[in-house]
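What follows is a short report on a single structure.
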Amino acid sequence: MHKIAEVEVQHDIMVANRKLARKNQKMLDNNQVYSVDVVGAIGSGKTTLIEALIDAMDCNIGVIAGDVISKYDAGRFEKHEVPVVGLNTGKECHLDAHLVEHAFHDLPLGDIDLLFIENVGNLICPVDFELGSHMRMVVISVTEGDDTVEKHPLIFKDADLVVINKVDLADAVGADSDKMVNDVKQLNPDVQVIKTSLKTDKGFDEVMKAIEISISEN
Amino acid sequence: MHELSMAEAIVETVLDVAEKNDAQEIVEVTIEVGELTMLNPEQVKFLLGVLAEDTLLEGAEIIIEEVPVEIKCRNCEFTGLANTDGSDHYLAIVLCPKCNERNVEILKGRECNVKTIKIEKSDENA
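Keeping their order, the protein sequence lines are chains A and B. Its first residue numbered 21, the first sequence is counted upward by one per residue in our numbering. Its first residue numbered 7, the second sequence is counted upward by one per residue in our numbering.
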């Protein structure tokens, strides 16, 4: 004889990731490492911005470079002589707390003050996955279109800092960077939004300062 | 693909619970997916079907319940369901339905919760 039984499971996959993320943050805190999850679309300038911050900031920096298959970004960071772990997600469109925890094992956390975690270029999937970082910086550029914020609201809702990059190209691509700032503010009224051009250095000092302030307040 | 990793995590959870409860077969799985969770329920269902092959889960009915967005307004402290018009569910995270302020906190609508499973097991008392 057989019987049918209903079993209460109540296992939230998101909560499981969040628990791992909290564990990651604790590990970072124990090693006195402040971490920034850098998310943004492909080609928005995440890698170039992190490279510039490595060169300009007066602290020991490490990087986790998330990519789907290549080691290209990790190779760029290595040229700046900082500890780097390349994380190939293979089939995945985002980093998750579990992958990041593995990367910690290959980093000299005791020698790092500031860790940049460059997420996979994507404004959608990373929304669902906290990594355990202290700050989430979203980097977009005017070349993606000035409707980018409206089209991907959730990533901006959770952001701690938003960078609107390549503003020197706004006229050339017919984008209104003020509209992008306003769109972010509609979703996340208190977030700091900085317009940058890494070609002209516009806004770069502000980004660095925002991260330094956040580190000091942590 | 996002849905694939989520489906894998769901299958792992379901099979683990089923085995612990001495299931001979899994008949039904109910999953709650929040309206703001970045998952396409149809893709999740399809992938669960693929991953279920040759496991206790094969042939089980997959029920996906959508969880509506609940917010708390930081301005007027309204707590409850957000306004969604069906065509644009992101509206929910923009405005408080009571005072129209924009500073709202999302309380619900971002889950991917394996809620219950129905299993077939031998009836020892029969």
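Even for Gly, the Cβ is constructed at its ideal location relative to N, Cα and C.
Item, Value
"Nearest to I231 of chain A (by Cα), restricted to the options A:P209, A:L207, A:H154", "A:H154"
"H172 of chain A classed as buried or exposed, judged by whether at least 16 other C-beta atoms fall within 10 angstroms", "buried"
"Beta-carbon contacts of E9 of chain B that lie in its chain and below 7 Å, excluding the five residues immediately before and after", "L45, N46, Q49, V50, L53"
"Simplified DSSP assignment, three categories, for I69 of chain B", "strand"
"Within 8 Å, strictly: CB atoms of A123 of chain A and V140 of chain A", "no"
"Neighbour flag for Q49 of chain B against chain A, beta carbons, 8 Å", "no"
"Chain B within 8 Å of L207 of chain A, Cβ atoms only", "yes"
"Reduced DSSP category for F149 of chain A - H, G, I as helix; E, B as strand; rest coil", "coil"
"C-alpha distance - K46 of chain A paired with D225 of chain A, whole-angstrom precision", "29 Å"
"Beta-carbon gap between A24 of chain B and L62 of chain B smaller than 8 Å", "yes"
"Chain A within 8 Å of N27 of chain B, Cβ atoms only", "yes"
"Backbone secondary structure at I184 of chain A - three-state DSSP", "strand"
"Under 8 Å between C-beta atoms of A15 of chain B and I33 of chain A", "yes"
"Residue range of the beta strand (DSSP E) that includes S161 of chain A", "155 to 161"
"CA nearest to the CA of V158 of chain A, picked from A:V83, A:T67, A:D126", "A:T67"
"Straight-line Cα distance separating V27 of chain A from D129 of chain B", "15 Å"
"C-beta contact flag for V187 of chain A and T216 of chain A at 8 Å", "yes"
"Simplified DSSP assignment, three categories, for Q30 of chain A", "strand"
"Distance between I123 of chain B and I32 of chain B (C-alpha atoms, nearest Å)", "7 Å"
"Closer than 9 Å at the beta carbon, the chain B residues around L181 of chain A", "Per Cβ cutoff of 9 Å: no residues; L181 of chain A is ~17 Å from chain B at best."
"Cross-strand partners of E76 of chain B (DSSP beta bridge)", "B:L87, B:K114"
"Counted within 10 angstroms of its Cβ, other Cβ atoms place H31 of chain A as buried (16 or more) or exposed", "buried"
"Beta carbon of A117 of chain A nearer than 8 Å to that of L40 of chain A", "yes"
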